[in-house]
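Taking my numbering, I'd label the letters of the sequence shown as residues 117 to 578. Below is one structure, written out as structure tokens; comments come after it.
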Amino acid sequence: MIKRLDYLGALDNRRDLAERLAETGLSPGACLAKADRFAGAAAALAGIGPDRSVGPLRAFSVPGRIEVLGKHTDYAGGSSMVVAAEQGFALVAAPRRDRQVRLVDAVSGETAGFELGPDLSPPLGHWSNYPMTVARRVARNFPGVCRGADIAFASDLPPAAGMSSSSALIVAVFLALADVNQFAARAEYRRNIHGPLDLAGYLGTIENGQTFGSLEGDRGVGTFGGSEDHTAILGAEPGHVSQYAYCPVRFQRAIPLPAGYTFAVGASGVAAEKTGPAMEKYNAASRLASTLAELWCRHTGRTDPHLAAVLASGPTAAGDLSRIVRTAMPEGAQADALLARLNHFIEENGQILPAAGDALARGDWGALGDLVDRSQHAAEQLLGNQVPETSRLARIARQCGAVAASAFGAGFGGSVWALVETGRTGSFLRDWAAAYWLEFPQHAATSSFFVAGAGPAAFQVG
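Have a look at this one:
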């Protein structure tokens, strides 16, 4: 289902592993960093203890993602442009003889443990929520699943920073449990999942709790998101910006990142944990989109499943939906919020994103920068998911010479990407960080600035 990198050596042989990792499209520096993470995860796994482990190790590389454009569009059936970041998880797993799942974070030393079962109650606000949600869902969708695993992981993604560290952990844990339990051979799996994009759609429903085909949903992790993150993690091409549409997931195009340019990321230091304080704000944006579709269907008798389908139903749909909102809710903040959400989706999904993709493809930096600035402004004024730190990070990046820069991810904190010339990333990062810390000294210790190349999708090692 995912690509495999043939490597028969030891995971702690950093030099040999880094040489093989170069075949995946990772940059030389990223190969060394990922080899270090695999070595750390392997060492941490050995420290768990072999009391019930059996069989060969499984190893997976699972990236984070950068959302170039497509703010809050995926769960409404829209499109987004994404890259798989070179940063991500290195996960090593050993199958067990029983149903226990034991995990250790090789970086922090934190551990978690539980038994595979359909009635798990994951805690909100802790990273164990994500693997426990996976374990609960697969126990329901694949009855009789009986083999747990000892799992160690190491990540260089900044947590709660908008780079999909939570979704990457969900994908990584699923891949490990699917491998040790041979899910791909199960009839339930074969009926519903026929390739990486189906798998991305399914993993998105593990997170948001929806049903996927005949694989029944549950309450998920508590957020009403889509499958953009999982699609980028499983489908993005190295060296490219990939564009997908959602509900269901469909590939649209892959745009080569022009030679001599790369992405830099500024993580603001404002945490945007989707199962923590930001969850209700995130879910509110999702509910506005679904409410618009529900109002439309109620007043027209149609059955369009999401906002993108509503707007695609005819040339007058946008105006008709605006009138429906004003008629149904003639006064009050709710009508204003719904109209702002509608106008944001129309602008981001229908106008900015396709034009920006074309500008990137032809290397028209002026047009790209203007369009991305417009997207950032729309996020601030219409979507309302920005904080002062991310707004200023985007503007400072442009002042420091970025071709384009925008906040990304769920918002309400998180990170900003900047497209910069590869030859000046060092000076750009120094200037960007210094200017940001001058304005927000309280985040100097928790913010971070780094290069994040467009790397490969998730792959197995071994």
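Cβ coordinates follow ideal geometry from the N, Cα and C atoms, glycine included.
G542 - containing alpha helix (DSSP H), residue span: T541 to E555
Given a cut-off of 7 angstroms, decide if V217 and Y265 are closer than it, judged by their beta-carbon atoms. Here residue 265 turns out to be Ala, not Tyr, going by the sequence shown. Yes, Cβ-Cβ distance for A265 and V217 is below 7 angstroms.
Is it right to say H188 is buried, meaning 16 or more other beta carbons lie within 10 angstroms of its own, or is it exposed? buried
Which two residues bound the contiguous beta strand (DSSP E) that contains R218? Q216 to D221
Could you compute how far the alpha carbon of A510 sits from the alpha carbon of A201? 19 angstroms
In whole angstroms, what is the alpha-carbon distance linking A62 and L285? For residue 62 there is no data in the structure shown, the boundaries of the chain being 117 and 578.
Cβ distance (whole Å) where L437 is taken to contact L458 below 8 angstroms: For L437 against L458, the beta-carbon gap comes to about 6 angstroms, under 8 angstroms, which counts as contact.
Helix, strand or coil for T407? Go by DSSP, reduced to three states. Looking at T407 - three-state DSSP - the assignment turns out to be helix.
For a quick check, are the C-beta atoms of V289 and V254 less than 7 angstroms apart? no
If you measure between the beta carbons of M197 and Q368, is that distance less than 7 angstroms? Between M197 and Q368, the gap from beta carbon to beta carbon reaches 7 angstroms or more.
With distances taken from CA atoms, which of G163, S429, A518 and T419 is nearest D221? The candidate whose alpha carbon is nearest that of D221 is G163.
Taking the Cβ atom as the reference point for each residue, do V365 and L319 lie within a distance shorter than 7 angstroms? The criterion of a C-beta distance shorter than 7 angstroms is not satisfied by V365 and L319.
Measure the alpha-carbon distance for S224 versus R439 and round it to whole angstroms. 53 angstroms
Close-in-space but distant-in-sequence residues of the same chain around V503 (CB under 7 angstroms, 5 per side omitted): V386, F528 and G529
With a 10 Å radius around its C-beta and 16 neighbouring C-beta atoms as the bar for buried, classify S330 as buried or exposed. exposed
Helix, strand or coil for S343? Go by DSSP, reduced to three states. coil
List the whole-angstrom C-beta distance separating G141 from L133, where the pair is believed to meet the contact cut-off of C-beta under 8 angstroms. Contact between G141 and L133 is absent: CB atoms are separated by about 15 angstroms, not below the 8 angstroms threshold.
Mark A573 as exposed unless 16 or more other C-beta atoms lie within 10 angstroms of its C-beta, in which case mark it buried. buried
Just curious, the alpha helix (DSSP H) that W481 is in, first and last residue? W481 to A494
Please tell me whether A292 and I309 are closer than 7 angstroms, where the distance is taken between their beta carbons. no
Which stretch, first to last residue, makes up the alpha helix (DSSP H) that contains Q450? A449 to F461
What residues match up with V536 in a beta bridge as DSSP calls it? T378
Could you tell me the distance, in whole angstroms, from the CA atom of L408 to the CA atom of G466? 16 angstroms
Taking its Cβ as the centre, do 16 or more other Cβ atoms sit within 10 Å of C516, making it buried, or is it exposed? Around the beta carbon of C516, 16 or more other beta carbons lie within 10 angstroms, which makes this residue buried.
What would DSSP say about D128, mapped onto helix, strand or coil? DSSP places D128 in coil when its eight states are reduced to three.
Tell me the rounded alpha-carbon separation between T112 and A361. Within the shown structure, residues of the chain are numbered from 117 to 578, placing residue 112 beyond reach of any answer.
By how many angstroms is the C-alpha of G417 removed from the C-alpha of F575? Each residue's alpha carbon lies about 45 angstroms from the other.
Note the first and the last residue of the continuous beta strand (DSSP E) segment covering D266. A265 to S271
State the beta-bridge partners of H356 as determined by DSSP. P372.
Within 10 angstroms of the Cβ of Q298, are there 16 or more other Cβ atoms? Answer buried if so, exposed if not. exposed
Please name the residue or residues paired with P247 in a DSSP beta bridge. BP columns for P247 are empty, so no partner.
R174, enclosing beta strand (DSSP E) - first and last residue: R174 to L185
What distance in whole Å lies between the Cβ atoms of I468 and L487, which are believed to be in contact at a cut-off of 8 angstroms? 5 angstroms
For P179 versus I349, is the C-beta spacing smaller than 7 angstroms? yes
Report the three-state DSSP secondary structure of G193 (helix, strand or coil). Coil, per DSSP.
Hey, how far is the Cα of S406 from the Cα of H422? Pairing S406 with H422, the inter-Cα distance amounts to about 7 angstroms.
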